[in-house]
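Asker: Mapping of the sequence shown onto this note's numbering: residues 1310 to 1606, in sequence order.
Note that beta-carbon positions come from the ideal geometry of N, C-alpha and C, so glycine has one too.
Because the structure is a prediction, the values reported are computed rather than measured.
Handing you a structure now.
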Amino acid sequence: MQGYTDAVYRRAHHEVAGGVDEYYTPFVRWEDGSLRPKDRRDVDPAQNTGVPTVPQVIARARDEFARLCDALQGMGWGRIDLNMGCPFPMQVKAGRGSGLLQNADSVEAIADEMRRRPEVVFSVKMRLGQESEEEGLRLLPIVNAMPLLHVTLHPRLGRQQYKGAADREAFGRFHEACRHPMLYNGDITSREEVDDLLVRFPRLKGVMLGRGLLACPWLFSDGEPWQVVHDMHERVYRHVCDTLQGESQMLPHLHAFWEYQTALLDKKQHKAIMKSTTLRRYNEAVLPLWREHYFSR
1310 MQGYTDAVYR RAHHEVAGGV DEYYTPFVRW EDGSLRPKDR RDVDPAQNTG VPTVPQVIAR
1370 ARDEFARLCD ALQGMGWGRI DLNMGCPFPM QVKAGRGSGL LQNADSVEAI ADEMRRRPEV
1430 VFSVKMRLGQ ESEEEGLRLL PIVNAMPLLH VTLHPRLGRQ QYKGAADREA FGRFHEACRH
1490 PMLYNGDITS REEVDDLLVR FPRLKGVMLG RGLLACPWLF SDGEPWQVVH DMHERVYRHV
1550 CDTLQGESQM LPHLHAFWEY QTALLDKKQH KAIMKSTTLR RYNEAVLPLW REHYFSR
């Protein structure tokens, strides 16, 4: 997820919590003739050594997709995920993310580009459609013909963004017609929900979590929740202090760590962290949590 699951967070989660088979990067974009510098840093193989990482790209046409693949392959990546599900208006209006689902010709051209690269293992993440479920279903013949390891489907429309409930009935209709192994994504917040999905869709390859794992990073760990959060925070905090300059750079990264952390924090605690405007006030909000829930154990 953009702004949250960077290489530092992914490594912290992998080392402390684990239980995840693959970590997907925030989508990589082509901008001003090259990869965005922050994207290049995030997918630098040296920053991801030992962490099972999959770079994800976002593109609106074949040429843009090809340039992204060239850049990633040049860095040594042989595994690439295509984002056809991002619902953010800026990307949708540009024809990327879920906006790409309305352009069958571009999807077909991207499929041809995938076939030109048999040395790369591709996968796709998508939504039901941008405006209607029929958009995704109309694309299924193209998707089915793509050389894909799997398809991840978030069963909402792009125009919904994250509003309303994920439509698991619609997921079932797509799953039934899709010839690739599938992952389910959307509104998973517990192990029990994962078990229920695997019972309901016995051919399911697995699940992908975003916001649910940010809110409960211990979800697939045997660790105690507060200890997992503490140990991950220690790694992220140390990196922020060692590599970033000034509180204006440091605080947004630290706030991002806690933004979805509402399962353990009450509203007052969460607000104190997120509203902190100096590193001193941030530490004043966070340190009592460790004394109460971690160091006292």
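Between LEU1492 and GLY1445, how many whole angstroms is the CB-CB distance? I'm expecting something under 8 angstroms.
Answerer: Mapped onto the sequence shown, residue 1492 falls at position 183. Mapped onto the sequence shown, residue 1445 falls at position 136. So it is not a contact: roughly 15 angstroms between Cβ atoms.
Asker: Run through the segment 1527–1580 for me and flag every whole alpha helix (DSSP H) of 4 or more residues, listed as ranges in chain order.
Answerer: Counting whole runs of 4 or more residues, the segment 1527–1580 contains the alpha helix (DSSP H) stretches 1534–1552 and 1556–1567.
Asker: Measure the alpha-carbon distance for SER1407 versus ARG1600 and round it to whole angstroms.
Answerer: Position 98 of the sequence shown, counted from the start, is the residue given in the question as residue 1407. Position 291 of the sequence shown, counted from the start, is the residue given in the question as residue 1600. Whole-angstrom Cα-Cα distance: 44 angstroms.
Asker: Less than 6 angstroms between C-beta atoms, sequence neighbours within five positions excluded: which residues of the same chain meet that for SER1585?
Answerer: Within the sequence shown, the letter at position 276 stands for residue 1585. Contacts found: TYR1591 and ALA1594.
Asker: Is it right to say LEU1528 is buried, meaning 16 or more other beta carbons lie within 10 angstroms of its own, or is it exposed?
Answerer: As a working note, residue 1528 is residue 219 in the sequence shown. When all chains shown are included, LEU1528 counts as buried.
Asker: Could you tell me if VAL1317 is buried or exposed, where buried requires 16 or more neighbouring beta carbons within 10 angstroms of its beta carbon?
Answerer: Reading the sequence shown from its first residue, position 8 is the one you call residue 1317. Classification of VAL1317: buried, given that the 10 Å Cβ count is 16 or more.
Asker: So is GLN1400 buried or exposed if we call it buried at 16+ other beta carbons inside 10 Å?
Answerer: Counted from its first residue, the sequence shown places residue 1400 at position 91. The residue in question, GLN1400, is buried, as its Cβ has 16 or more Cβ neighbours within 10 Å.
Asker: What's the gap between the Cα of VAL1460 and the Cα of MET1435?
Answerer: The residue given as residue 1460 occupies position 151 in the sequence shown. The residue given as residue 1435 occupies position 126 in the sequence shown. Straight-line Cα distance between these residues: approximately 8 angstroms.
Asker: Ends of the beta strand (DSSP E) at TYR1591?
Answerer: In the sequence shown, the residue the question calls residue 1591 occupies position 282. Counting along the chain, TYR1591 falls outside any beta strand (DSSP E), though it belongs to the alpha helix (DSSP H) covering 1588–1602.
Asker: Using DSSP bridges, identify the partner residues of PHE1431.
Answerer: In the sequence shown, residue 1431 corresponds to position 122, counting from 1. DSSP, once it has assigned bridges, lists ILE1389 and LEU1457 as partnering PHE1431.
Asker: With a floor of 4 residues, list each alpha helix (DSSP H) that falls wholly inside the segment 1323–1356, ordered by position along the chain.
Answerer: Listed in chain order, the complete alpha helix (DSSP H) runs (minimum 4 residues) inside the segment 1323–1356 are 1346–1351.
Asker: Do you know how far the Cα of VAL1545 is from the Cα of GLN1558?
Answerer: The residue you call residue 1558 lines up with position 249 of the sequence shown. The residue you call residue 1545 lines up with position 236 of the sequence shown. Taking the straight line from one Cα to the other gives about 13 angstroms.
Asker: Considering only C-alpha positions, which residue in the set ALA1413, GLN1469, GLU1422 and GLU1442 is nearest to ILE1451?
Answerer: On the sequence shown, position 142 is the one that residue 1451 refers to. It is ALA1413 whose Cα lies nearest to the Cα of ILE1451.
Asker: DSSP on ARG1468, reduced to helix/strand/coil?
Answerer: Taking the first residue of the sequence shown as position 1, residue 1468 is located at position 159. Three-state result, ARG1468: helix.
Asker: Just the Cα atoms here: how many angstroms apart are THR1571 and ALA1380?
Answerer: In the sequence shown, residue 1571 corresponds to position 262, counting from 1. In the sequence shown, residue 1380 corresponds to position 71, counting from 1. Going by the C-alpha atoms only, they are around 38 angstroms apart.
Asker: How many whole angstroms separate the CB atoms of ASP1390 and PRO1361, which I take to be in contact at a CB cut-off of 8 angstroms?
Answerer: Position 81 of the sequence shown, counting from 1, holds the residue named residue 1390. Position 52 of the sequence shown, counting from 1, holds the residue named residue 1361. Actually they do not touch by this definition, with Cβ atoms about 13 angstroms apart.
Asker: Three-state secondary structure (DSSP) at MET1423?
Answerer: One-based indexing of the sequence shown puts residue 1423 at position 114. Helix, per DSSP.
Asker: Find out if the Cβ-Cβ distance for the pair ASP1353, PRO1335 is shorter than 9 angstroms.
Answerer: Here residue 1353 is taken as the residue at index 44 of the sequence shown, counted from 1. Here residue 1335 is taken as the residue at index 26 of the sequence shown, counted from 1. Not closer than 9 angstroms, so no.
Asker: Have a look at ASP1315, GLU1417 and HIS1548 and flag the residue whose alpha-carbon is nearest the alpha-carbon of MET1393.
Answerer: Taking the sequence shown and counting its residues from 1, the one referred to as residue 1393 is at position 84. When each option's Cα is compared against that of MET1393, the closest is GLU1417.
Asker: How do the segment 1473–1485 and the segment 1418–1426 stand: do at least 3 beta-carbon pairs fall below 8 angstroms, yes or no?
Answerer: No, the segment 1473–1485 is not in contact with the segment 1418–1426.
Asker: Give the DSSP-derived three-state secondary structure of MET1399 in the structure shown.
Answerer: Translated into positions along the sequence shown, residue 1399 becomes position 90. Looking at MET1399 - three-state DSSP - the assignment turns out to be helix.
Asker: Using only alpha-carbon positions, find the residue among THR1358, ASP1341 and PRO1346 that is nearest to GLU1324.
Answerer: As a working mapping, residue 1324 is identified with position 15 in the sequence shown. Cα-wise, what sits closest to GLU1324 is THR1358.
Asker: Would you list the residues sitting across from GLN1365 in a DSSP beta bridge?
Answerer: For the purposes of this step, residue 1365 is identified with residue 56 of the sequence shown, where counting begins at 1. Paired residues: ASP1390.
Asker: Going by other Cβ atoms of all chains shown within 10 Å of its Cβ, with 16 needed for buried, is VAL1433 buried or exposed?
Answerer: Here the question's residue 1433 lines up with position 124 in the sequence shown. The residue in question, VAL1433, is buried, as its Cβ has 16 or more Cβ neighbours within 10 Å.
Asker: Just to confirm my understanding: we take SER1605, look at its own chain, exclude 5 residues before and 5 after, and list those with CB closer than 6 angstroms. What are they?
Answerer: If you number the sequence shown from 1, residue 1605 lands on position 296. Summary for SER1605: the model assigns pLDDT 49, below 50, so the residue's position carries little reliability; its value from the coordinates is reported in the next sentence. Within the same chain, SER1605 has no close Cβ partners at all.
Asker: Cα separation between PHE1510 and GLU1442?
Answerer: On the sequence shown, position 201 is the one that residue 1510 refers to. On the sequence shown, position 133 is the one that residue 1442 refers to. Going from the Cα of PHE1510 to the Cα of GLU1442 covers about 19 angstroms.
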